Structure formats: structure tokens, C-alpha cells
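Engineer:
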Amino acid sequence: MSMLADDKQLTLEPAASQRLSTELQEPGWAVEGRRAALTLYNGLAYPKGSDEQWRRTDPERFRPEGRAMLAVTPTFDTLGDGALDNVLHRSLDQALHQDEEAVRPFLLETVPEKFAALNGAWRTGGTFVHVPAGRALETPIRARHDVAVPEGPGAFVPRSVLLAEENSSATVIEHFESTDGDLLAVPVVQIRVKQGARMQYVMVCRWGHGTRAVARLQAHVEKDAQLRVLVLGIGGSVMKTFMVGDLEGVGSKSEMLGLIFANGRQHFDIDSLHNHLVPNTSSDVLFNVALNDRSRSVFGGNIYVAPGAQKTDAYQKNRNLILSDKARADSMPKLEIVANDVRCTHGATFTTYDADQRFYLQSRGLKDADARRLIITGFFQEVIERLEGQVLVDWLSSLMQEKMETALGLPPEA
Amino acid sequence: MGSSDPEDPSASFVFEQAVRKKMPTKVKVGRIEDFPAGQVRVVDADGERVAVANVDGQLYAFEDRCSHDDAPLGEGELEGCQVECPRHGARFDVRTGAALCMPAVVPIATYPVQVTDGAVAVELDF
Numbered sequence: 001m002s003m004l005a006d007d008k009q010l011t012l013e014p015a016a017s018q019r020l021s022t023e024l025q026e027p028g029w030a031v032e033g034r035r036a037a038l039t040l041y042n043g044l045a046y047p048k049g050s051d052e053q054w055r056r057t058d059p060e061r062f063r064p065e066g067r068a069m070l071a072v073t074p075t076f077d078t079l080g081d082g083a084l085d086n087v088l089h090r091s092l093d094q095a096l097h098q099d100e101e102a103v104r105p106f107l108l109e110t111v112p113e114k115f116a117a118l119n120g121a122w123r124t125g126g127t128f129v130h131v132p133a134g135r136a137l138e139t140p141i142r143a144r145h146d147v148a149v150p151e152g153p154g155a156f157v158p159r160s161v162l163l164a165e166e167n168s169s170a171t172v173i174e175h176f177e178s179t180d181g182d183l184l185a186v187p188v189v190q191i192r193v194k195q196g197a198r199m200q201y202v203m204v205c206r207w208g209h210g211t212r213a214v215a216r217l218q219a220h221v222e223k224d225a226q227l228r229v230l231v232l233g234i235g236g237s238v239m240k241t242f243m244v245g246d247l248e249g250v251g252s253k254s255e256m257l258g259l260i261f262a263n264g265r266q267h268f269d270i271d272s273l274h275n276h277l278v279p280n281t282s283s284d285v286l287f288n289v290a291l292n293d294r295s296r297s298v299f300g301g302n303i304y305v306a307p308g309a310q311k312t313d314a315y316q317k318n319r320n321l322i323l324s325d326k327a328r329a330d331s332m333p334k335l336e337i338v339a340n341d342v343r344c345t346h347g348a349t350f351t352t353y354d355a356d357q358r359f360y361l362q363s364r365g366l367k368d369a370d371a372r373r374l375i376i377t378g379f380f381q382e383v384i385e386r387l388e389g390q391v392l393v394d395w396l397s398s399l400m401q402e403k404m405e406t407a408l409g410l411p412p413e414a
Numbered sequence: 415m416g417s418s419d420p421e422d423p424s425a426s427f428v429f430e431q432a433v434r435k436k437m438p439t440k441v442k443v444g445r446i447e448d449f450p451a452g453q454v455r456v457v458d459a460d461g462e463r464v465a466v467a468n469v470d471g472q473l474y475a476f477e478d479r480c481s482h483d484d485a486p487l488g489e490g491e492l493e494g495c496q497v498e499c500p501r502h503g504a505r506f507d508v509r510t511g512a513a514l515c516m517p518a519v520v521p522i523a524t525y526p527v528q529v530t531d532g533a534v535a536v537e538l539d540f
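So the protein sequences, as listed, match chains A and B. The working numbering numbers the first residue of the first sequence as 1 and each following residue consecutively. The working numbering numbers the first residue of the second sequence as 415 and each following residue consecutively.
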């Protein structure tokens, strides 16, 4: 059930920003926040193909004007058995009223980027999870967003806020699905992991054909806290993802993982950035990408080490498995290091479906389809197994198996 | 809409829609008058930027992306059956997609064009 009445159809244009505030009965500071975001949005030029960040992904595919805004309320459940009492979890629109203190700093944070500002002005729906101090959540919380794309072009602009208070731990999953059709999705996810806390965040992007998504993740990790993020890119026509992790506290750690499996003419572009702002922090980025047919991926991994951020340990790896001769992967690491006692490592590999591996497996009695399945499964397991929680690992493996069957036309596992 | 149980993929209406067969897509991109002789026009074909060149009355469609560095080929010059990339000067044969000079070494995709009663359609491979 959405907080927006069904008959109030809004189009993505300036007036809709304030109308959303009114419909959702937002407090004054939130109304001001939208106004500031709209001003910022209007002041920023629309990205061009010659901009470095958009060089390999055509920004014209994400034009927002005139789209019908879709209000989608997430449905929550847990992955496995477990109680969710004391952990506030609801749609962000509702959380604005029920946990205003916690939500406010997130919504007032601005990023001077066109689509982040778009989200600031026109956000609706999205997930809010607030884990209280000291609470260790054993079972992952899952928020599912099902977007039914209308006849004409639609827009889905959710803002999600995840807050783990001191010494808490939780796993939060956001599962995005959309039907086929022309949809622009602009999700922004903000995460703060406070001192000593641990958070795992999984973003499953199983958009339908015709969805173009520009997603942004902004995370802040405080002293001795740990964050692990996994982005699963399996759906949609084109997806541009910005992932920014700020290591603000000494001893903080951030892991950004990605699994992309593209087929047809799917196009995935990942732009990750880890900002090491203080000493003794560590980051680890691992993106495994498999591409079939004429799909493409672009991986831009950035590491920034601020002056004085000594003993930074930053690692970055992008592995690409090219399954057809028309697929293409681009991998570009960038390091900006302004401290002199750090370790920053980056690497990229590009492999094809290895004929020798296949021959070996077939010589052991496996059919070609099973040999292919095994090799590709192994490629994904490397990333999946970095996650904690067997139920989560099993669920992610099954999602990837489903995609494999679709992408490669393999029969279901016997 | 089927079962709302997210664990059951066969019941999910979205999963049904997500299963796609590998079929070529034929997309209408305009009329023959839209593509003057000796020029290249870029069209949107199901989200893909496709360049269509008119070489002596014959239409050839290719991807609007240089295989060297992703530059928009459609903005380049057409000389006979060759298009030159505006960024770094790579050349391609628009009839076959073959890369003809450095810095490009990989061919670009080409798509069959069908003209029926003046209506132009491009057949994408996926």
C-alpha cells in the first residue's frame, strides 16, 4: 500500500517535487531539503558522453523528463527464521515521521551530481532500517521493491537509508524487480555504520528489459566499524552504478563486492570509490563480471588516500569472464594517493571460457552444458562465499543459477 | 499476479517476463527520405544508438560506437563506404564493419537493413 493515493498521477517535473512533499506530509526541513535538491539539480548540466564518468555509457539513455512517477512501497520479510522486534524497518516515507531524528541527517546530505540531486528532489518510497545499539540481528532483513512499469515511460526514484548504531550487526537486502517496459530507476542508498558496528548490504538488481537505472550508494564507516556491500547486476537494459565508501574512523573497513552476469545487449557500468580519510583503514573491492552475447561492462575502480591516512590498506580486483566474441569488458583503476606509508593494490583479469577446462571436465564424463555451468558457478562462488550467512549464500547462488539458465539457455540442473 | 512468495520463482510474475529467448529484434527507424545520400544519421533502435549510412542509395547500419574508444562514429565523416571516427581517426567499412586502420583493430557491429515501401527497419542481433 502506497502513501500516495492511486489517482494522484505525478510526472517527473519541477512541480511534482513539492507536491510529493505535500502528499507525504513531510516536515518543514524535508520540504526545504527537496527545494535545495531541486535548485542543485537545475544548476547542474546534464551529463555528456564526453564527460569522463560517462564516456562509455550513453547518458542520453537516462533522460528523466516527462516520465510518470511510480510510488512503490517495499515489502519486508526475513531470509530464514528470526525476529525483527526492536529493529525499525519500514518504507522511508513512513520512517520520516516515525524516526525523524535518525532520518534527517541523511536526507540533508547532498551530493553535487545530477542524478543524486534528482533523487533528492523527487524521491518516493525506499527502505529504512535502523538497528539499535548493541543489537545483533541473526537473520537478514529483506526489502522487496516490485515495480509495475506502466504503458508510457515511468520513473522510480526510491531513497533508502540504513543505519547501524554502535556495536550492532545486521544484514539488509534490497531486492529490486521491475516488469518489462521503459522505466528510469534512480535509487539512492545511504548507509552509516557507527563505531564498532557491522553491516552487510546486498542490492539485487533484477530489473526487467527496458529499465535504465542510475544507482548510487553512499556509505560512511566509523571507527572500528565494518561494511560489506554486494551488488548483483543481472537485470535491466543499462545500469550505471556509483558506489562511494568513506572510511571516516580509524580501524574502519569497507568491502565492495559485485556480481554481474549480462547477456543480450545488457550494459553495466560500475564506478566505485573508496575514500581513505584517516589512518589505519582498509578497503577491498572485488567485482566478477560474466558477459555473453553482445553485452558490455565498464568497471572504474577508484581509491583515494587523503594526506595523513597512513597505513591504509586498499585492494581492488576486477575479474572478467567473456563468454562470446562480441561481448566486451573495460576495466580502469584509478589511484590518487597523497600519503606515503600505504599499500594500494589493483588488478584486472580477462578470460574466456577455457577450452582446456571444458575438455578436462568433459573427459571426466560431464556434458558440455554441465561443464559450462560448473565453471561459471565457480566464478561466481568466489564472490558469493565472501558473504556471511549460509541462507543468504544459498539464496544468492540460486538467483545466479536462474540467470545462468536464462542467459545461456541451459536446461535447469537435473 | 500469482503467488506473492518471493522464494518461489515460478510463481513470480516478474520471473516469467524476465526469461527471454535469443531472438533478433527488428526496429523501424524511419523512412528512406530521412537518410540522404553520402551522409550518416544516428537513430535510436530499442535503446541502441545505430548509425545508418547512405552509400549511393544503399543503406548500411552499424553501431554508433568506435571499437577503439567508444567515440560516436555517426559524427564522423563518410567517404564512399568508409566512416572515419571523429576522435582518433580510425576507419571502418560500413558494409562489413571491418576496421581499416589504426587505432581500431576490432570490427564494429553491423546490422541488416530492410526497406519496405520506403519504410526503413534495422535488425538487431539480440
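All C-beta atoms in this analysis are idealised placements derived from N, C-alpha and C, irrespective of residue type, glycine included. Remember, predicted model here, so these are calculated numbers, not experimental data.
Can you list the residues of chain B that A:D58 reaches, using a CB-CB cut of under 8 Å?
Structural biologist: Along the first sequence, read from residue 1 onward, the residue named residue 58 of chain A stands at position 58. The contacting residues are R463.
Engineer: State yes or no: is the C-beta of A:R372 within less than 8 Å of the C-beta of A:A327?
Structural biologist: For the purposes of this step, residue 372 of chain A is taken as residue 372 along the first sequence, with counting starting at 1. For the purposes of this step, residue 327 of chain A is taken as residue 327 along the first sequence, with counting starting at 1. A:A327 sits away from A:R372, with the two beta carbons spaced by 8 Å or more.
Engineer: Is it right to say A:F299 is buried, meaning 16 or more other beta carbons lie within 10 angstroms of its own, or is it exposed?
Structural biologist: Along the first sequence, one-based indexing puts residue 299 of chain A at 299. Result: buried.
Engineer: Just tell me which of B:T510, B:V527 and B:C499 has its CA closest to the CA of B:Y516.
Structural biologist: For the purposes of this step, residue 516 of chain B is taken as residue 102 along the second sequence, with counting starting at 1. According to the sequence shown, residue 516 of chain B is Met rather than Tyr. The shortest Cα separation from B:M516 among B:T510, B:V527 and B:C499 belongs to B:C499.
Engineer: According to DSSP, simplified to helix, strand and coil, what is A:T124?
Structural biologist: Within the first sequence, numbered from 1, the residue matching residue 124 of chain A stands at position 124. The answer is coil: DSSP assigns A:T124 none of H, G, I, E or B.
Engineer: Using a cut-off of 7 Å between C-beta atoms, extract the partners of B:F540 located in chain A.
Structural biologist: Start at 1 with the first residue of the second sequence, and residue 540 of chain B comes out as number 126. In chain order: G264, R265, D293 and R294.
Engineer: Could you work out which residue in A:L259, A:P307, A:Q362 and A:Q190 is closest to A:P279 when comparing CA atoms only?
Structural biologist: Position 279 of the first sequence, counted from the start, is the residue given in the question as residue 279 of chain A. With distances taken between Cα atoms, A:P279 lies closest to A:P307.
Engineer: Can you grab the Cα-Cα spacing for the pair A:L183 / B:V520, in whole Å?
Structural biologist: Your numbering for residue 183 of chain A matches position 183 in the first sequence. Your numbering for residue 520 of chain B matches position 106 in the second sequence. Straight-line Cα distance between these residues: approximately 33 Å.
Engineer: So, using beta-carbon positions, are A:R55 and B:D484 closer together than 8 Å?
Structural biologist: Taking the first sequence and counting its residues from 1, one reaches residue 55 of chain A at position 55. Taking the second sequence and counting its residues from 1, one reaches residue 484 of chain B at position 70. A contact, by the Cβ cut-off of 8 Å.
Engineer: Measure from the alpha carbon of B:A518 to the alpha carbon of each residue in B:R505, B:T530, B:V527 and B:R509, then state which is nearest.
Structural biologist: On the second sequence, residue 518 of chain B is found 104 positions in, with the first residue counted as 1. Measuring from the Cα of B:A518, the nearest candidate turns out to be B:R505.
Engineer: So, is A:K48 buried or exposed, given that buried needs 16 or more other C-beta atoms within 10 angstroms?
Structural biologist: For the purposes of this step, residue 48 of chain A is taken as the residue at position 48 of the first sequence. The residue is exposed, with fewer than 16 neighbouring Cβ atoms inside 10 Å.
Engineer: Which residues does DSSP list as the beta-bridge partners of A:R192?
Structural biologist: As a position in the first sequence, residue 192 of chain A is number 192, starting the count at 1. Partner(s): A:L163 and A:H220.
Engineer: Does the beta-carbon of A:S283 have 16 or more other beta-carbons within 10 angstroms, so that it is buried, or is it exposed?
Structural biologist: On the first sequence, position 283 is the one that residue 283 of chain A refers to. So A:S283 counts as buried.
Engineer: Residues of chain A with a CB under 8 Å from the CB of B:P486: which are they?
Structural biologist: By one-based count along the second sequence, residue 486 of chain B stands at place 72. Simply G49.
Engineer: Please name the residue in A:A143, A:G134, A:L118 and A:L163 whose C-alpha comes closest to that of A:F156.
Structural biologist: Numbered from 1 along the first sequence, position 156 holds the residue referred to as residue 156 of chain A. Answer by Cα proximity: A:L118.
Engineer: Would you please state the rounded distance, in angstroms, between the beta carbons of A:Q190 and A:E109? I believe it to be under 8 Å.
Structural biologist: By one-based count along the first sequence, residue 190 of chain A stands at place 190. By one-based count along the first sequence, residue 109 of chain A stands at place 109. 7 Å between Cβ atoms; contact.
Engineer: If we ignore side chains and look at the alpha-carbon of each, how far apart do A:Y304 and A:N275 end up?
Structural biologist: The residue labelled residue 304 of chain A in the question sits at position 304 within the first sequence. The residue labelled residue 275 of chain A in the question sits at position 275 within the first sequence. Their backbone Cα atoms lie some 5 Å apart in a straight line.
Engineer: I think A:A197 touches A:A225, with their Cβ atoms under 8 Å apart; what is that distance to the nearest whole Å?
Structural biologist: On the first sequence, residue 197 of chain A is found 197 positions in, with the first residue counted as 1. On the first sequence, residue 225 of chain A is found 225 positions in, with the first residue counted as 1. Contact check for A:A197 and A:A225: beta-carbon distance about 5 Å, within the 8 Å limit, so the pair qualifies.
Engineer: If contacts are defined as beta-carbon pairs under 8 Å, then A:V193 and A:A164 qualify, I think. What distance do you get, rounded to the angstrom?
Structural biologist: On the first sequence, residue 193 of chain A is found 193 positions in, with the first residue counted as 1. On the first sequence, residue 164 of chain A is found 164 positions in, with the first residue counted as 1. At roughly 5 Å, the Cβ-Cβ gap stays under 8 Å, so A:V193 and A:A164 are in contact.
Engineer: Quick check: the Cα distance between A:G301 and A:L286, rounded to an integer number of angstroms?
Structural biologist: What you label residue 301 of chain A is simply residue 301 of the first sequence in a count that begins at 1. What you label residue 286 of chain A is simply residue 286 of the first sequence in a count that begins at 1. In a straight line, the C-alpha of A:G301 is about 10 Å away from that of A:L286.
Engineer: Can you tell me whether A:Y201 is buried or exposed, with buried defined as 16 or more other CB within 10 angstroms of its CB?
Structural biologist: Within the first sequence, the letter at position 201 stands for residue 201 of chain A. Result: buried.
Engineer: Just to check my reading of the structure: A:P140 and A:L392 have Cβ atoms closer than 8 Å, yes? What is that Cβ distance to the nearest angstrom?
Structural biologist: In the first sequence, counting from the first residue as 1, residue 140 of chain A sits at position 140. In the first sequence, counting from the first residue as 1, residue 392 of chain A sits at position 392. Sure, about 5 Å apart at Cβ, within 8 Å.
Engineer: Just the chain B side, please: which residues come within less than 7 Å of A:R61 by C-beta, in chain order?
Structural biologist: The residue labelled residue 61 of chain A in the question sits at position 61 within the first sequence. Those are G461, listed as they occur along chain B.
Engineer: List the whole-angstrom C-beta distance separating A:L259 from A:F380, where the pair is believed to meet the contact cut-off of C-beta under 8 Å.
Structural biologist: Residue 259 of chain A sits at position 259 when you count from the first residue of the first sequence. Residue 380 of chain A sits at position 380 when you count from the first residue of the first sequence. Rounded, the Cβ-Cβ distance is 6 Å, consistent with contact.
Engineer: Below 8 Å on the Cβ atoms is my contact criterion, and I expect A:Q107 with A:G33 to pass it. Report the Cβ-Cβ distance as a whole number of Å.
Structural biologist: Translated into positions along the first sequence, residue 107 of chain A becomes position 107. Translated into positions along the first sequence, residue 33 of chain A becomes position 33. Note that residue 107 of chain A corresponds to Leu in the displayed sequence, not to Gln. A:L107 to A:G33, Cβ: 5 Å. Contact.
Engineer: Any residues in the segment 493-525 of chain B with a beta carbon nearer than 8 Å to a beta carbon of chain A? Which ones, in chain order?
Structural biologist: A523
Engineer: What are the residues that DSSP puts in a beta bridge with A:D246?
Structural biologist: Along the first sequence, read from residue 1 onward, the residue named residue 246 of chain A stands at position 246. Answer is A:H220 and A:N275, bridged to A:D246.
Engineer: What are the complete beta strand (DSSP E) segments, minimum 3 residues, inside the segment 309-349 of chain A?
Structural biologist: Unbroken beta strand (DSSP E) runs of no fewer than 3 residues, entirely contained in the segment 309-349 of chain A, are found at 313-322 and 328-337, following chain order.
Engineer: Taking 8 Å as the CB-CB limit, is A:S237 close to chain B?
Structural biologist: Locating residue 237 of chain A in the first sequence gives position 237, counting from the first residue. For A:S237, the answer is yes, since a Cβ of chain B falls inside 8 Å of its Cβ.
Engineer: Excluding the five sequence neighbours on either side, which residues of its own chain have a C-beta within less than 6 Å of the C-beta of A:R228, listed in chain order?
Structural biologist: As a first step, residue 228 of chain A is located in the first sequence; it is residue number 228 there, counting from the start. Once the five neighbours on either side are set aside, the close Cβ partners of A:R228 are Q200 and E255.
Engineer: Cβ of A:E55 less than 8 Å from any chain B Cβ?
Structural biologist: The residue given as residue 55 of chain A occupies position 55 in the first sequence. One detail in the question is off: residue 55 of chain A reads as Arg in this sequence, not Glu. At least one chain B Cβ lies under 8 Å of A:R55.
Engineer: Quick check on DSSP: helix, strand or coil for A:N42?
Structural biologist: As a working mapping, residue 42 of chain A is identified with position 42 in the first sequence. If DSSP states are grouped into helix, strand and coil, A:N42 belongs with the helices.
Engineer: Work out the CA separation of A:V147 and A:S169 for me, nearest whole Å.
Structural biologist: Translated into positions along the first sequence, residue 169 of chain A becomes position 169. Translated into positions along the first sequence, residue 147 of chain A becomes position 147. When rounded, the distance between both Cα atoms is 29 Å.
Engineer: Along the alpha helix (DSSP H) that carries A:Y360, what are the first and last residues, could you check?
Structural biologist: Translated into positions along the first sequence, residue 360 of chain A becomes position 360. That run of the alpha helix (DSSP H) goes A355 to S363.
Engineer: Please indicate yes or no: does the CB of A:Q200 lie closer than 7 Å to some heavy atom of the ligand NAD?
Structural biologist: Ligands displayed in this structure: none; no statement on the ligand NAD is therefore possible.
Engineer: Using a beta-carbon distance below 8 Å, is A:K334 in contact with chain B?
Structural biologist: What you label residue 334 of chain A is simply residue 334 of the first sequence in a count that begins at 1. It does not; no Cβ of chain B falls within 8 Å.
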